[in-house]
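Just so you know, the sequences run in chain order Y and Z.
Per the working numbering, the very first residue in the first sequence carries number 1; after that it's consecutive.
Per the working numbering, the very first residue in the second sequence carries number 118; after that it's consecutive.
All C-beta atoms, glycine included, are put in the ideal place defined by N, C-alpha and C.
Quick caveat, the model's predicted, so the values are computed rather than measured.
Heads up, the thing below is written out as structure tokens.
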Amino acid sequence: EAGVVQSPRYKIIEKKQPVAFWCNPISGHNTLYWYLQNLGQGPELLIRYENEEAVDDSQLPKDRFSAERLKGVDSTLKIQPAELGDSAVYLCASSFWTGYGGDNEQFFGPGTRLTVL
Amino acid sequence: DQQVKQNSPSLSVQEGRISILNCDYTNSMFDYFLWYKKYPAEGPTFLISISSIKDKNEDGRFTVFLNKSAKHLSLHIVPSQPGDSAVYFCAASARRKTSYDKVIFGPGTSLSVIP
């Protein structure tokens, strides 16, 4: 079974440039997450989708960040314009949501390491 | 306000000995706890979990202990192997008491198992 696929793996851009990350979740997983991981810290949730609906985007900086999951499968996370402080690893994860209280193991992709110069 | 804390950024253990990784949490609504393992240039992978109705869960060489009164959990690896060298994230969620089980991660502990 293929895991969560993310591209690109690495991206270097200059500040004020736009950047986009792509994620393809595990087949059949209805829930998709984007996380931000800064150096020396754990992943922090940016946005969570259940199918194509964003059910939690409270931590997404909406002035510069946007995300979409149009057909409830793959997803794109965009930053425009990028700032120096956006340098981090962006992780995508997916799970099969079985309802409240059920096991909801998240499977992570390898991440995209973004460097903003 | 860090709800999940891992106060040891790093830990070194001799091969064959026990590794003990500690985690503390502050939110009393958390009722499900997970450990993830992360190798460099890879995403975190699920290792083991424990529900708040239990105080111990074991899976092979890995055992997680939960002390609800102290809001503390620990991961024991026995015996430790060089392949266990990785960053370990403690994570917690409130599965029953919120609209969905958002997972909160700690900052991680880097384990080095010395051959």
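Query - 8 Å Cβ cutoff, E159 (chain Z) in contact with chain Y - result: Here residue 159 (chain Z) refers to the residue found at position 42 of the second sequence. Answer yes: the Cβ-Cβ gap between E159 (chain Z) and chain Y drops below 8 Å somewhere.
Report task. For D176 (chain Z), name the three-state secondary structure that DSSP assigns. Result -> As a first step, residue 176 (chain Z) must be located in the second sequence, where it is residue number 59. D176 (chain Z): strand per DSSP, three-state reduction.
Query raised in the report: Taking Cβ-Cβ distances shorter than 9 Å, what residues in chain Z pair up with L32 (chain Y)?
Result: Along the first sequence, one-based indexing puts residue 32 (chain Y) at 32. Those do not exist, as L32 (chain Y) stays about 13 Å from chain Z at its closest Cβ, beyond 9 Å.
Requested in this report: Please name the residues in the segment 51-67 of chain Y whose beta-carbon is closer than 8 Å to at least one beta-carbon of chain Z, in chain order.
Outcome: V55, D56
Query raised in the report: Which full runs of the alpha helix (DSSP H) of 4+ residues lie inside the segment 152-228 of chain Z, going along the chain?
Result: none
**Report entry** Neighbourhood of H29 (chain Y) by C-beta, 7 Å cutoff - its chain only, sequence neighbours within 5 removed
**Finding:** Against the first sequence, residue 29 (chain Y) aligns to sequence position 29. Only S94, S95, F96 meet the Cβ criterion.
Query - Interfacial residues, the segment 175-206 of chain Z to chain Y, with Cβ spacing under 7 Å - result: F206
Query - Under 7 Å by beta carbon: chain Z residues contacting G42 (chain Y) - result: Taking the first sequence and counting its residues from 1, the one referred to as residue 42 (chain Y) is at position 42. Within 7 Å Cβ-Cβ: F206, F222, G223, P224, G225.
Query - Bounding residues of the beta strand (DSSP E) (the contiguous stretch that carries N139 (chain Z)) - result: Residue mapping note: residue 139 (chain Z) aligns to position 22 of the second sequence, counting from 1. Residues 136-142.
Requested in this report: Output, in chain order, the set of chain Y residues within a Cβ distance shorter than 7 Å of D141 (chain Z).
Outcome: Taking the second sequence and counting its residues from 1, the one referred to as residue 141 (chain Z) is at position 24. What D141 (chain Z) touches in chain Y: nothing, since even the nearest Cβ is about 14 Å away.
Requested in this report: Could you round the C-beta distance between S210 (chain Z) and Y149 (chain Z) to whole angstroms and report it? I think they count as a contact, below 8 Å.
Outcome: Numbered from 1 along the second sequence, position 93 holds the residue referred to as residue 210 (chain Z). Numbered from 1 along the second sequence, position 32 holds the residue referred to as residue 149 (chain Z). At roughly 5 Å, the Cβ-Cβ gap stays under 8 Å, so S210 (chain Z) and Y149 (chain Z) are in contact.
Report task. Could you tell me whether any Cβ in chain Y is nearer than 8 Å to the Cβ of D218 (chain Z)? Result -> Numbered from 1 along the second sequence, position 101 holds the residue referred to as residue 218 (chain Z). Yes, because at least one Cβ of chain Y sits closer than 8 Å to the Cβ of D218 (chain Z).
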